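The opening position of the sequence shown corresponds to residue 43 in the numbering used here, with each subsequent residue numbered one higher.
The beta-carbon is built from N, C-alpha and C at its ideal position, and this holds for glycine as well.
Note that this is a predicted model, so its numbers are computed, not measured.
Here the structure is laid out as structure tokens; the discussion comes afterwards.
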Amino acid sequence: MPVTAVVGAQWGDEGKGRIIDWLAQEADVVIRFQGGDNAGHTVINEYGKHALHLIPSGIFNPRTANIIGSGCVVNPGSLLDEMASLTKAGVSLSNLWISTRAQMLLPYHRTLDVLEETARGKETIGTTKRGIGPAYADKAARAGLRMGDLLDEEWLLKRLDNALQTVNRKIEILGGEPVDRDSMEALCADYRYRLGPRIVDTVPMTRSAMKQGQAILLEGQLGVMRDLDWGIYPYVTSSNPTASYAPAGAGLPAGSIKRVLGVVKAYSTAVGDGPFPVELYDEEGERLREVGGEFGATTGRPRRCGWFDGVAINYAAWLNGMTGLAVTKLDVLDGFERLKICTGYRLEDGTVVSDSMPDTPALMKVTPVYEEMAGWCADTSHCRAWSELPAKARAYITRLSKLAGVRVDYVSVGAEREQMFAVE
Ligand code: GDP
Ligand code: IMO
Ligand code: MG
43 MPVTAVVGAQ WGDEGKGRII DWLAQEADVV IRFQGGDNAG HTVINEYGKH ALHLIPSGIF
103 NPRTANIIGS GCVVNPGSLL DEMASLTKAG VSLSNLWIST RAQMLLPYHR TLDVLEETAR
163 GKETIGTTKR GIGPAYADKA ARAGLRMGDL LDEEWLLKRL DNALQTVNRK IEILGGEPVD
223 RDSMEALCAD YRYRLGPRIV DTVPMTRSAM KQGQAILLEG QLGVMRDLDW GIYPYVTSSN
283 PTASYAPAGA GLPAGSIKRV LGVVKAYSTA VGDGPFPVEL YDEEGERLRE VGGEFGATTG
343 RPRRCGWFDG VAINYAAWLN GMTGLAVTKL DVLDGFERLK ICTGYRLEDG TVVSDSMPDT
403 PALMKVTPVY EEMAGWCADT SHCRAWSELP AKARAYITRL SKLAGVRVDY VSVGAEREQM
463 FAVE
């Protein structure tokens, strides 16, 4: 297996966690390359059900090195909670590593996220309130602390003093309680004690893995439609979930990625605000939510649901340079007699676009154009090969693949590890 980026092809929650868990059975290294504990990557296997937030989804294979890459923002408190929950379930953490260069997300970033969302009044972004935006803002402003700073106390305290000067001014303006420096210092000392041995320069690890031709998976968070540059700005996250950022955030050479797998749900969902053209407000949307269990893995918020968006997948496939798709949650459509697929967006002036993504203000005004397909009305959850799928299900997936312009490599028909198969 060459170096493979596994990325979300829609608005997030496509099932990246379950795909990585499956692929990681054969992987030597899994690296999370961006995002923070805003992620909720659900994995169900012999260790039970886990919603992973920061820990790469390859953690269940003890042979796989799992690295939290430099492109991530790491909340050490939340990471420690996650580690405790996995340890309790009997999962070995002996191969879990954190890049010295990853940013550290501290409690004041969460405070700022909440204060900033409140200050936006009605014009919210609908963030997960995990402090992601403020942590990446500090990174770009060069006011962030990095995980490696924990290993050098003198340097850490200098960086902390520097950060708090601006942080406390911002908090004051937004009407919050200023951060106490001493409690922050004590917190960092605790993080150093508990995480220190796992914080390493990961480049020698990735260089050696590359040299030996090992199987490396790069795990994305969220999806292209919430990418900081290419998503529905400003209703986006503050990093780049697209594959182009994967080598930068993982610490690999630009040309190292040979395979880009786009994870895509057989229909569409989104959590948070912003344009979502295929959103259904009727009984069918409600039915997708209920059957698909579409409630956020991190915040529990009900997800907005709609039919498959062919314009979004076409855009995502091109922008990511996808070499293949992993179609998930096919089984959720098992009971639907008629299925719709959005094949174009009608703009305000009446023209229909299908191979470009209108920017946010225009996207808010588009009307989706649908085609209909017959549902297969049969249980697919037991299928373990392409040939076992009902003909109408194969026709549906083939249509999605055509709209993407990319072949289908995997199909998932249930949340459990074994409920998926490779398409030969
Ligand atoms: P991620 O953030 O991309 O990893 O996706 P989430 O874990 O947030 O959301 C995907 C949800 O769908 C989780 O509850 C998974 O357990 C579930 N899931 C994943 N694949 C399938 C599938 O093929 N069928 C069904 N029914 N559920 C799935
Ligand atoms: P996974 O990795 C779905 C959404 C939020 C909001 C926007 C910005 O599980 O797919 P943020 O907290 O990042 O500043 O919020 O992005 N969002 C997600 N939506 N799945 C996620 O992660 C998400 N992470 C953030 O709802 O609209
Ligand atoms: Mg998720």
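ask   = How long is the line joining the alpha carbons of Ser225 and Asp79, rounded to whole angstroms?
value = For this step, residue 225 is matched to residue 183 along the sequence shown. For this step, residue 79 is matched to residue 37 along the sequence shown. Going from the Cα of Ser225 to the Cα of Asp79 covers about 22 Å.
Backbone CA spacing between Gly293 and Gln145 [nearest angstrom] = Within the sequence shown, the letter at position 251 stands for residue 293. Within the sequence shown, the letter at position 103 stands for residue 145. About 14 Å.
ask   = Does the separation of the CB atoms of Arg152 and Lys181 fall below 9 Å?
value = As a working note, residue 152 is residue 110 in the sequence shown. As a working note, residue 181 is residue 139 in the sequence shown. No; because the gap between Cβ atoms is not below 9 Å, this pair is not in contact.
query = On the three-state DSSP scale, how would you describe Cys425?
reply = What you label residue 425 is simply residue 383 of the sequence shown in a count that begins at 1. Coil at Cys425, not helix or strand.
ask   = Going by DSSP, what residues sit across from Cys307 in a beta bridge?
value = Walking along the sequence shown from the start, residue 307 turns up at place 265. According to the sequence displayed, residue 307 carries Lys and not Cys. For Lys307, which the question treats as bridged, DSSP gives the partners Thr370.
query = Based on the DSSP output, what are the partners of Ala107 in its beta bridges?
reply = As a working note, residue 107 is residue 65 in the sequence shown. Looking at the DSSP assignment, Ala107 forms a beta bridge with Val71.
request  = Go ahead and label Thr479 buried or exposed: buried means 16 or more other beta carbons lie within 10 angstroms of its beta carbon, across all protein chains shown.
outcome  = The question about residue 479 has no answer, for the chain in this structure spans 43 to 466.
ask   = Based on the DSSP secondary-structure assignment, which residues constitute the bridge partners of Val411?
value = Residue mapping note: residue 411 aligns to position 369 of the sequence shown, counting from 1. In DSSP, Val411 forms a bridge with Gly386.
message = Beta-carbon distances below 5 Å to any heavy atom of ligand 2 define the shell here; list its residues in chain order, please.
response = Result: Gly54, Asp55, Asn80, Ala81, Gly82, Gly168, Thr169, Thr170, Ile174, Gly175, Gln263, Leu264, Arg268, Thr279, Val313, Gly314.
Cutoff 7 Å; reference Gln461; Cβ partners in own chain excluding five residues on either side = Here residue 461 is taken as the residue at index 419 of the sequence shown, counted from 1. Closer than 7 Å at Cβ, skipping near neighbours: Ser423, Ser454, Val455.
Member of Val305, Gly304, Ala288, Leu303 whose CA lies at the smallest distance from the CA of Gly297 = Taking the first residue of the sequence shown as position 1, residue 297 is located at position 255. For the residues Val305, Gly304, Ala288, Leu303, the minimum Cα distance to Gly297 belongs to Ala288.
request  = Spell out the partners DSSP gives Asp351 in its beta bridges.
outcome  = Walking along the sequence shown from the start, residue 351 turns up at place 309. Answer is Cys384.
inquiry  = Cutting at 7 Å between CB atoms, please list the residues of its own chain near Trp272, excluding the five before and the five after it.
reply    = Translated into positions along the sequence shown, residue 272 becomes position 230. Closer than 7 Å at Cβ, skipping near neighbours: Val266, Thr284, Leu361.
Simplified DSSP state of Glu458, which is helix, strand or coil = If you number the sequence shown from 1, residue 458 lands on position 416. In the three-state DSSP reduction, Glu458 falls in the strand class (E or B).
task = Give the secondary structure of Asn362 by DSSP, where H, G and I count as helix, E and B as strand, and everything else as coil.
result = Position 320 of the sequence shown holds residue 362. Asn362: helix per DSSP, three-state reduction.
request  = Check the DSSP bridge columns for Ile241 and list the partner residues they point to.
outcome  = As a working note, residue 241 is residue 199 in the sequence shown. Answer by DSSP bridge pairing, in chain order: Ile140.
key: Nonlocal neighbours in the same chain, by C-beta distance under 6 Å from Ala47, ignoring five residues either side   = Here residue 47 refers to the residue found at position 5 of the sequence shown. If we look at Ala47 and ignore the five residues flanking it on each side, its Cβ neighbours are Leu260, Ala285, Ala288, Ile299, Val302.
task = Enumerate, from N- to C-terminal direction, the unbroken beta strand (DSSP E) stretches of 3 or more residues contained entirely within the segment 248-272.
result = If we require 3 residues or more, the beta strand (DSSP E) runs fully inside the segment 248-272 come out as 258-265.
ask   = Which residue comes first and which comes last in the beta strand (DSSP E) that contains Thr84?
value = As a first step, residue 84 must be located in the sequence shown, where it is residue number 42. Element bounds for Thr84: 83-87.
inquiry  = Our contact map puts Arg331 next to Pro344 with C-beta atoms below 8 Å; I'd like the distance itself, whole angstroms only.
reply    = As a first step, residue 331 must be located in the sequence shown, where it is residue number 289. As a first step, residue 344 must be located in the sequence shown, where it is residue number 302. Arg331 to Pro344, Cβ: 6 Å. Contact.
ask   = What's the call for Glu219, buried or exposed, on a 16-neighbour Cβ count within 10 Å?
value = Position 177 of the sequence shown, counting from 1, holds the residue named residue 219. By the neighbour-count rule (16 or more Cβ atoms within 10 Å), Glu219 is not buried but exposed.
task = Consider the C-beta atom of Gln76 and the heavy atoms of ligand 1; say whether any pair is separated by less than 8 Å.
result = Working through the sequence shown from its first residue, we reach residue 76 at position 34. No, since every heavy atom of ligand 1 falls outside the 8 Å radius drawn around the Cβ of Gln76.
key: Residues bridged to Arg114 [DSSP beta-bridge criterion]   = Against the sequence shown, residue 114 aligns to sequence position 72. It is worth fixing the name first, because residue 114 is Cys in this sequence and not Arg. Answer is Gly77, bridged to Cys114.
query = Where does Glu124 land, buried or exposed, given buried means 16+ other C-beta within 10 angstroms?
reply = Here residue 124 is taken as the residue at index 82 of the sequence shown, counted from 1. It is buried - the Cβ of Glu124 has at least 16 other Cβ atoms within 10 Å.
inquiry  = When you compare the segment 316-325 with the segment 103-111, are there three or more beta-carbon pairs, one atom per stretch, that lie closer than 8 Å?
reply    = no
query = Any idea what DSSP makes of Val394, helix, strand or coil?
reply = Here residue 394 is taken as the residue at index 352 of the sequence shown, counted from 1. For Val394, the secondary structure class from DSSP, reduced to helix, strand or coil, is strand.
key: beta-carbon Gly59 near ligand 3 non-hydrogen atom, thresh 8 Å   = In the sequence shown, the residue the question calls residue 59 occupies position 17. Checking every heavy atom of ligand 3 against the Cβ of Gly59, one is found closer than 8 Å.
query = When the Cα atoms are used, what is the spatial distance from Phe75 to Asp376?
reply = Here residue 75 is taken as the residue at index 33 of the sequence shown, counted from 1. Here residue 376 is taken as the residue at index 334 of the sequence shown, counted from 1. A straight-line Cα-Cα distance of about 34 Å links Phe75 and Asp376.
inquiry  = Shorter than 8 Å, the distance from the beta carbon of Ala339 to the closest heavy atom of ligand 3, or not?
reply    = Within the sequence shown, the letter at position 297 stands for residue 339. Ala339: yes, Cβ under 8 Å from ligand 3.
task = Take Val133 and list the residues in its own chain whose beta-carbon comes closer than 7 Å to its own, dropping the five residues that flank it on each side.
result = Start at 1 with the first residue of the sequence shown, and residue 133 comes out as number 91. These residues qualify, in order along the chain: Tyr89, Ile101, Phe102.
Alpha helix (DSSP H) segment containing Val156, residue limits = For the purposes of this step, residue 156 is taken as the residue at position 114 of the sequence shown. From DSSP, the alpha helix (DSSP H) with Val156 extends over 149-161.
query = Where do the ends of the beta strand (DSSP E) carrying Thr46 lie?
reply = For this step, residue 46 is matched to residue 4 along the sequence shown. Thr46 -> beta strand (DSSP E) spans 46-50.
query = To the nearest whole angstrom, what separates the beta carbons of Leu147 and Gly173, a pair I think is in contact under 8 Å?
reply = In the sequence shown, the residue the question calls residue 147 occupies position 105. In the sequence shown, the residue the question calls residue 173 occupies position 131. Confirmed, about 5 Å.
query = If you pair each beta-carbon of the segment 425-441 with each one of the segment 334-348, do three or more pairs fall below 8 Å?
reply = Judged by pairs of C-beta atoms under 8 Å, the segment 425-441 does not touch the segment 334-348, as fewer than three such pairs exist.
request  = Look at Met415 and Leu372 and say whether their C-beta atoms are less than 9 Å apart.
outcome  = Here the question's residue 415 lines up with position 373 in the sequence shown. Here the question's residue 372 lines up with position 330 in the sequence shown. Going by C-beta atoms, Met415 is not nearer than 9 Å to Leu372.
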